[in-house]
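Participant:
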Amino acid sequence: MVKYTLKRVGLALLTLFLIVFLLFVLVRIMPGNPFPSERMSAEAIAAKRAEMGLDDPILIQFGRYLSNLLRGDFGKGTSLYNGAPINTVLATAISNSFRIGGLAILVGTAVGLLLGIVAALNRGKFLDHFCTVFSIIGVCVPSYVFLIFLQYFFSFKIPYFPYFFDANRFLFSSVLPSLSLSLFTMSTVARFTRNEMVEVMDSDYVRLAESKGLYGGTLVRKHVLRNALVPIVTVLAPLIVDLLTGALVVEKIYGINGIGKLMVDAITGEGVDYNYVLALGILYSALYIGIMLVVDLLYGLLDPRIRVSAKEGGS
Amino acid sequence: MNNTPYVPVKEDFQFLPDRDITTDQNFASQGYWKGVAISFFRNKRAVAGLVIVVLIMFFAIFGPMMSSYSYKDIISVTSAEGKQIVAKGIGPQISGVLQGSGQNTELFADHTFLFGTDDVGRDLWTRTWDGARISLIIAFVTIVIDMIIGMSYGLISGFFGGMVDNIMQRIVEISNSVPRLVIVSVLAIFMPKGMFLVIVALLLTEWIGMSKISRAEMLKLKEQEYVLASRTLGAGSFHIIFRQILPNTIGPIITQVMFSIPTAIFTEAFLSFVGVGIVLPECSIGSLIEAGFNNITTLPYQIMPPIIVLALLMLGFNFIGDGFREALAPKLEDM
Amino acid sequence: MANKTILEIKDLDISFRTNAGVIHAIRGVNLLLKKGETVAIVGESGSGKSVTMKAACGLLDSNAVINSGQVLYTYAEGDGPEQTVDLLKLPKKQLRKTINGNRIAMVFQDPMTSLDPTMQIGKQIMESMILYRGMSKADAWKRSVELLELVGITDAEKRMKNYPHQLSGGMRQRVVIAIALSGSPDILICDEPTTALDVTIQAKILELIKEVQDRLALSVIYITHDLGVVAKVADYVNVMYAGKIVEVGKVDEIFYEPAHPYTWGLLSAMPDLDTDDDRLYSIPGSPPNLLHEPQGDAFTPRNAFAMRIDEKEAPPLFKISDTHYAATWLLHPDAPKVELPEGLRARLERAKKEAEKYL
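Protein chains in written order, with this note's numbering: chain X, 3 to 317; chain W, 281 to 615; chain Y, 140 to 498.
(1) Chain Y partners of residue 217 of chain X, CB-CB under 7 Å?
(2) What whole-angstrom Cβ distance do residue 150 of chain X and residue 255 of chain X have, given they're in contact under 8 Å?
(3) From Y:329, Y:305, Y:343, pick the residue whose C-alpha is nearest to that of residue 291 of chain Y; which is it?
(4) Shorter than 9 Å from the beta carbon of residue 293 of chain W to some beta carbon of chain Y?
(5) From residue 135 of chain X to residue 129 of chain X, what distance separates their C-alpha atoms?
(6) Is residue 329 of chain Y helix, strand or coil by DSSP?
(7) Taking the alpha helix (DSSP H) that residue 60 of chain X belongs to, which residues open and close that run?
(8) Quick check: what's the CA-CA separation for residue 437 of chain W versus residue 254 of chain Y?
(9) Excluding the 5 residues preceding and the 5 following residue 440 of chain Y in the sequence, name in chain order all residues of the same chain whose CB lies nearer than 8 Å to its CB.
(10) May I ask you to list the residues that DSSP assigns as paired with residue 244 of chain Y?
(11) Name the chain W residues that come within less than 7 Å of residue 102 of chain X, Cβ to Cβ?
(12) Comparing the C-beta of residue 302 of chain Y with each C-beta of chain X, is any distance below 9 Å?
(13) Does any CB atom of chain W fall closer than 9 Å to the CB of residue 446 of chain Y?
(14) Residues in the same chain with beta-carbon distance under 7 Å from residue 265 of chain Y, minus the five sequence neighbours each way, listed in chain order, please.
(15) Taking only the alpha-carbon atoms, compute the straight-line gap between residue 149 of chain Y and residue 243 of chain Y and give it to the nearest angstrom.
(16) Taking a cut of 8 Å between CB atoms, which residues from the stretch 484-515 of chain W lie near chain X?
(17) Are residue 165 of chain Y and residue 153 of chain Y close, meaning C-beta to C-beta below 9 Å?
(18) Determine the extent of the beta strand (DSSP E) in which residue 211 of chain Y is found, giving its start and end residues.
(19) Are the beta-carbon atoms belonging to residue 374 of chain W and residue 404 of chain W less than 9 Å from one another?
(20) Hey, how far is the Cα of residue 395 of chain Y from the Cα of residue 366 of chain Y?
(21) Looking at chain W, which residues of the stretch 460-488 of chain Y have a Cβ within less than 8 Å of any of its Cβ atoms?
(22) Which value, in whole angstroms, describes the spacing of the CA atoms of residue 253 of chain X and residue 566 of chain W?
(23) Mind listing the chain W neighbours of residue 265 of chain X? Cutoff is C-beta to C-beta under 8 Å, in chain order.
(24) Give a yes or no on whether the C-beta atoms belonging to residue 277 of chain X and residue 78 of chain X are separated by under 9 Å.
(25) If you drop the 5 nearest sequence neighbours on each side, which residues of the same chain put their C-beta closer than 8 Å to that of residue 488 of chain W?
(26) Roughly how many angstroms lie between the CA atoms of residue 115 of chain X and residue 208 of chain X, to the nearest whole one?
(27) So, is residue 191 of chain X buried or exposed, given that buried needs 16 or more other C-beta atoms within 10 angstroms?
(28) Starting from the beta carbon of residue 204 of chain X, find every residue of chain Y whose beta carbon is closer than 9 Å, and list them in chain order.
(29) Please report the residue range of the alpha helix (DSSP H) in which residue 208 of chain X lies.
(30) Assuming residue 315 of chain Y and residue 250 of chain Y form a contact by the criterion Cβ under 8 Å, report the distance between their Cβ atoms to the nearest whole angstrom.
(31) Please state whether DSSP places residue 195 of chain X in a helix, a strand or coil.
(32) With distances taken Cα to Cα, identify the nearest neighbour of residue 472 of chain Y among Y:459, Y:483, Y:463.
(33) Give every residue of the same chain whose Cβ lies closer than 6 Å to the Cβ of residue 414 of chain W, excluding the five residues on either side of it in the sequence, and list them in chain order.
(34) To the nearest angstrom, how far is the alpha carbon of residue 438 of chain Y from that of residue 531 of chain W?
(35) If you measure from the beta carbon of residue 308 of chain W to each beta carbon in chain X, is any gap under 9 Å?
(36) Let me check understanding here. Comparing Cα to Cα, which of X:196, X:245, X:289, X:17 lies closest to residue 222 of chain X?
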C-alpha cells in the first residue's frame, strides 16, 4: 500500500511539474505584450522587461520562477492590481472561493446523497420521479441562471439577502451563491447515487444477502450503501474542483472576490495579465491533480479489490 | 379462459401439415440498427428530446427569417416631431393583440416583437434564434472535429498497443489533468476573443472522452474472431482499424456525441458570459444571457428566451443521449 | 419421516411489468418437494425455472406481480407441532426473519457475482448468525470455520479474512454453499450451481452438495438446463417450458420413458459419446416471447409432432403413472400413436443397458 501510494504521488508530482513547465513556456513564448502599451512608453516597457528578467533565456527564467514557486512565491502581477504581489491577492481569493465552494459541496453532496438513496429505496414511486425531474433540471440549467433568479427575487424584489457579496457578512451573503452552486452537484450526485443503488440492489450478492435473511436497514447499510457509494467518489472529484476553484460566472455575477473572478479579470482586462494566468493555471492544475490523487488513494482504501491487489502485487 | 373447457373432437388429432419448424419465428432476422431505432423510438423521453432539438433547430434556421429585422438592426421610427425614436426596452408584444410594456410603445403599435426588444432597440426574437444558431454551429463543428480526432487517436492507440499505446495514453493523462479553464486562459493571451477561441478551446478538451471510448472499444473488438480472420487473410492495419472496427464503435460514439453537444453549448454559454466568447453585435446564447442579466432589474423579460432555449437544448440532447444508450444496451427493465 | 411433503407450489402465476408490456412468465406451476429428496427443474433459459424458485424465497425483482398461487411450506418449530405457511402471504420482514437462511437457503448461479466484493468472506458467513441467531462473535467464527471445512476449503482460518476476488470460482461457490448452510436450512435451492464453473470443478461441487445433503438430511431443489446434472443428482424431474411444467416424473421415467416431445428434444440435445451422429441435435427455433400470450400449446411452433388441437388449446397434464405426468395431447386417447424418434430410442436403450451394468 505504501509503495502504491508513493508511486501515485510521484506520478502526480511529475505530471504537475510537466504542466507547470508547459504553462510557463506557453505563456512566455506567446506573441503579445504583457503591458498595456498605450499607457507606457517603449523605454518604460524595456526597463520593466529588464527588471522582470524577461529577456533572459527561457530555461533560466523557468528555473528562477520554479525556485520562487517552491518557496511559495507567485511573483507580481504585470497589470492587475497595480502589480501587487500575487500571493496577497490570491490568499483572499482562495479563502472566499473555498469557503463558498466548500459550503456548496457540503450541501450539494449531503442533499444529493439523501435524495438519491430515498429515490432508490422508493423505486418507481413518487419520490423517485421527483428525484429524476429534479436532477434533470439541475443538470440542464447552469448554476449561474439559478443565481440570477435567486438574486432577482430574493435580493432585488424582496431585498432580504444582500445583492452583492459582502465579506463582512460572510455566511449571510454566501447563502445565494452557495445554494445555486450546490444545485448541479446535488442533482449529479442524486442521479448517480440512485442509479448505482438500483444496480447494486439488483445484484446477485444482495440477492444472496436477502436469501440468508437480511432485510431493511441492515441490508441497505451493510451491503448496498458501501458498494453503491464507492464509485460516487469518482464523480464527486471533478465537481469539487469546479466548486473550489470558484465557478467563474457565479463569482462575477455576485461580485465575489474569488479565484474565478480573478481569472476573469486576468483574461478579460485590457492587457492579459500573464503572471496571473500562470499562477491561476498552476493553482487549478495542482488542485485538480491533487484531488484526483486523493480520490485514487481513497478508492483504493474503500475497494478491497484495489487495496489488496496493491498490497499483494507490491509494485 | 377456463370457464368453458374445450372439448376436443376427432379431427383435432391430426398432425399439422408439413411446416418448416427450423426457422425461428421469434427472432426473425432484424437488422441491428433497425432494432436500435425501434427501441429508441419506443422511448418516450428520447422522442421528446428529439422533437425539442428538431424544433429548436428549425427556429434557429428559419426563426430570423420570420421577422423583418436582422440581429443587429436597431429598430426606430420617426415621430411626429421628426425625432428618431428607438424601440428600446419594449416588452413582448404582438401587433394588435398584445401591447408590450415600456416607453413610446404607441409609436411601435404596428410592430410585433414576440420576445420584446433589448436595451438598445434590437428585436430579441431574431437575436435569440441567431444566438441559438451560433451556439449550435459551435457545438456541431467542434464535436464533429473532436469525434474525428478522438476516434482516430483512440483507435490507433488501442490497436497498436504496447509502447505506442503507453506513450499515447500518457499524453492523454497529462492533457486530462489540465483544466479547461486553464486552456482557455492561455488561449486568451494570444487569440482574439470570439467564436474561434471558443471552438479551439473545445477542440483541445473534448476529444479526450471520445478517444477513451474508442480505445476501449478497440481493445474489446480487436481480440474478436472476425478481426483475427481478416488479419490472417492479410488485411493491413489501416484496413482493419477503419473498415472493420470503426463501424462497430459507432454506437457508443454517437452516445458520447449526444452528451458532448450539451457540454459544448454549456461551455460556449459560459465563456461568452464571462466575456471571452462571442463579441457584440454578434450574439450567442451565452452573450444573450449576459445581456439579459445586465438589464435584469429594468427589463426582466429579456433574460427568459435565451435561458429557456439553453435549458431545452440541454434537456433535448441529454434525453437523446440517454435514449441511445438504452437502445444500444437494453436492460430488462427498459424493454 | 420420508415422503412427507415439505414444500408445495400450487398454481403459481407470475407476470413482470416491463416498458414493453406485461410478460406472463409463470403460467400456473405446480411442484412438490418431499423431505430428504432432490427435485430438479429443467428447461431452457427463460423458461421460468429461476423465477419460480425466487418467488418461493421472496426474492423476486420489484417489477414482478404474483397473480395467483400458493407456496406451502411445512415445518416444525423445534419439537413443536407441524405447521404449514403460505410463503407468498408472509410479510417480507417476517419471511426474511423466519424463513430465509434458516429454513430455505439458496445457492446462486454465478459465484463471481454472488458474493459482496467489499466484504471479507468470513464476515459474510458470520453475518446472519450474529444478527439473527444471536451467536457471539467467537461462536460464529468457530462455526464459520467449521462450515468452510465442511465445504472442503483448506486453510479455512486464513480464508475467513480473504475478499471474494482473492478466491477462484470453485472456491467462491463453496463459500456460497457455506453461507447457504450457515443457518442449517431444511431446503437448499441450487440455481444452476455449476453452470459458471469449469467442468472439472462442476463434478466436485455436485458431489459436495450431495454429501452435505446426506449429512444434514436436506431437501434439495436443483434448477438447471443440464440433463447431465439431473441424471447425477435428482430423484424427481420437472421439465419446464414457457412458464409451465410440461412433464414431471421420477428421474428414470423421464430418462427412459419420456412422453413429451420437448423432453425428447432435450434428451436428444445431450451430448453422447457413443452416438454415431456426427452432428449435435438442437431443438429448432427458440422459446416463445411471453409478452404475447401463446395460443394453445406454447411448444407448437417448434414441435415436429404438433396436431391441430395444439394450436387451439393448451393440453392438460395426462397421467402416465402415479408419479409420471406429461402435458401433451399425444397422450390423449384419440391421438395417433407416436413412437420415440429412432435416434433417441436407440440412445435411451444404450443408456439403460449402461445403467443396468452398474446395478
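From the three backbone atoms N, C-alpha and C, an ideal C-beta is built for every residue, glycine too.
Facilitator: The answer reads as follows:
(1) Within 7 Å Cβ-Cβ: 231, 232, 235.
(2) The distance from the Cβ of residue 150 of chain X to that of residue 255 of chain X is about 6 Å, consistent with a contact at the 8 Å cut-off.
(3) Of Y:329, Y:305, Y:343, the residue nearest in Cα terms is Y:343.
(4) At a cut-off of 9 Å, the C-beta of residue 293 of chain W has a neighbouring C-beta in chain Y.
(5) Near 10 Å, if we compare the C-alpha coordinates of residue 129 of chain X and residue 135 of chain X.
(6) Here residue 329 of chain Y carries a strand assignment [DSSP, helix/strand/coil].
(7) Segment 60-72, the alpha helix (DSSP H) holding residue 60 of chain X.
(8) Using only the alpha carbons, I get a separation of about 35 Å.
(9) Excluding positions up to five away in sequence, the list reads 424, 427.
(10) BP columns for residue 244 of chain Y point to Y:327.
(11) Correct list: empty, because the minimum Cβ distance to chain W is about 17 Å.
(12) Taking 9 Å as the CB threshold, residue 302 of chain Y lines the interface with chain X.
(13) It does: the Cβ of residue 446 of chain Y has a partner Cβ on chain W nearer than 9 Å.
(14) If you ignore the 5 residues before and after residue 265 of chain Y, its C-beta comes within less than 7 Å of the C-beta of 279, 280, 283, all in its own chain and listed in chain order.
(15) If you draw a straight line from the Cα of residue 149 of chain Y to the Cα of residue 243 of chain Y, it comes to about 18 Å.
(16) Along the stretch 484-515 of chain W, there is no position whose C-beta sits under 8 Å from a C-beta of chain X.
(17) Result yes, Cβ atoms of residue 165 of chain Y and residue 153 of chain Y sit closer than 9 Å.
(18) Start and end: 203-215.
(19) At least 9 Å separates the beta-carbon of residue 374 of chain W from that of residue 404 of chain W.
(20) Cα to Cα, residue 395 of chain Y sits roughly 13 Å from residue 366 of chain Y.
(21) Within the stretch 460-488 of chain Y, the residues whose Cβ lies closer than 8 Å to some Cβ of chain W are 468, 471, 473, 474, 475, listed in chain order.
(22) Near 16 Å, if we compare the C-alpha coordinates of residue 566 of chain W and residue 253 of chain X.
(23) Chain W residues near residue 265 of chain X: 461, 465.
(24) Contact flag set, yes.
(25) Sequence-distant Cβ neighbours of residue 488 of chain W in its own chain, meaning closer than 8 Å and more than five residues away, are 430, 452, 455, 456.
(26) Distance between the alpha carbons of residue 115 of chain X and residue 208 of chain X: 20 Å.
(27) By the neighbour-count rule (16 or more Cβ atoms within 10 Å), residue 191 of chain X is buried.
(28) Within chain Y, the residues near residue 204 of chain X are 200, 201.
(29) In the DSSP assignment, residue 208 of chain X falls within the unbroken alpha helix (DSSP H) covering 206-213.
(30) Between residue 315 of chain Y and residue 250 of chain Y a beta carbon distance of about 5 Å is seen, short of the 8 Å cut, so the two are scored as contacting.
(31) It is helical.
(32) Looking at the Cα atoms, Y:459 is the closest of the given residues.
(33) Result list for residue 414 of chain W: 564, in chain order.
(34) Roughly 36 Å separates the two Cα atoms.
(35) Unreliable placement is indicated for residue 308 of chain W, whose pLDDT of 49 sits below 50; no coordinate value is reported for it.
(36) If we check each option's Cα against that of residue 222 of chain X, X:196 comes out closest.
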